[in-house]
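What follows is a set of notes on a single structure, which appears directly below.
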Ligand code: MN
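Numbering (the numbering used here), first residue to last: 414 to 668.
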């Protein structure tokens, strides 16, 4: 037996479960709308080329249009001005970083009470006191319960009020925590109100500026243990891309 054959046997036998953390990608997938002076991202759309018809009698296929930052997606450092034009694009992220351990910090109860809830350094410290240090080279996955809103774009965007991470905590995660990035359930890694923070959009500012990554619109984080899950995050290798829709899976050991 080898490590990989043990892994395959555990997956087929059910002692390792594969949990899909990815939101379905469709024309209904919620997207960010920026103030009108800025350029806008496109929603996802299919455009049919043929469907077993005169345009292609034996085949069905589509063209797709989408923003890079639509649905469950990966933010690369080049996305933000603090990373800058020479920072990693999404095709340049080392494949070994796309498979990494995850810490799952559940603040869904707090976010249910307060849609503007912000994760603070002390919250992470309290989590670490209970579960141990954040994983080196891993993800901090921040559960807020927001995935329950993902089928209703209005509730998901919620008038721009959604939970996030404080300026101080984002800076700490970027500069001091051992993780390679943050994953969230909301439309972006920053809080809905983060345009008014100082600096604005601190997760983007500090994490991407520190060559770390973001994962957004995750779901099913509630099926993961606080520690021990392994995440496979697979963005398309778009050359020059600032981000990409991403299939995100978690391997979870079931006893
Ligand atoms: Mn993004």
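We put the CB at the ideal spot given by N, CA and C, even for glycine.
Contact check for residue 594 and residue 627: beta-carbon distance about 6 angstroms, within the 8 angstroms limit, so the pair qualifies. Residue range 534 to 544 is occupied by the alpha helix (DSSP H) that includes residue 536. Contact between the segment 479 to 492 and the segment 530 to 550 is absent, with fewer than three C-beta pairs closer than 8 angstroms. Between residue 592 and residue 637, the CB-CB gap reaches or exceeds 7 angstroms.
In this structure, 577 is the residue among 635, 625, 577, 648 with its C-alpha nearest to the C-alpha of residue 613. Looking from the CA of residue 611, the closest CA among 580, 631, 643, 598 belongs to 580. Looking at 512, 558, 450, the one whose alpha-carbon comes closest to that of residue 526 is 558.
Non-local beta-carbon contacts of residue 431 in its own chain, meaning distances under 7 angstroms to residues more than five positions away in sequence, involve 424, 662, 664 in chain order. The DSSP-derived three-state label of residue 419 is helix. Using a Cβ distance threshold of 7 angstroms, residue 633 and residue 420 do not count as a contacting pair. Using a Cβ distance threshold of 7 angstroms, residue 654 and residue 502 count as a contacting pair. For residue 476, the secondary structure class from DSSP, reduced to helix, strand or coil, is strand. In this structure, residue 523 and residue 560 do not form a Cβ contact; the two beta carbons are roughly 15 angstroms apart against a cut-off of 8 angstroms. Taking C-beta separations shorter than 8 angstroms and ignoring five residues to either side along the sequence, the partners of residue 441 in its chain run 564, 566, following chain order. As DSSP reads the structure, residue 596 sits in a beta bridge with 554, 628.
By the CB criterion at 7 angstroms, residue 532 and residue 590 fall outside the cutoff. In its own chain, leaving out the 5 sequence neighbours on each side, no residue places its CB closer than 7 angstroms to the CB of residue 422. Within the model, the alpha-carbon separation for residue 651 versus residue 448 is close to 27 angstroms.
Secondary structure at residue 646: strand, using DSSP grouped into helix, strand and coil. Residue 436 is classed as buried because its beta carbon has at least 16 other beta carbons within 10 Å across all chains shown.
Remark: the shortest separation between the CB of residue 482 and any heavy atom of the ligand MN falls under 6 angstroms. A Cβ-Cβ separation of about 13 angstroms leaves residue 553 out of contact with residue 646 under the 8 angstroms criterion.
With contacts defined by Cβ atoms closer than 7 angstroms, residue 659 and residue 454 do not form a contacting pair. When rounded, the separation of the alpha-carbon atoms in residue 616 and residue 482 is 15 angstroms. Distances from the CB of residue 656 to the heavy atoms of the ligand MN include at least one below 6 angstroms. Secondary-structure assignment with DSSP links residue 578 through a beta bridge to 532.
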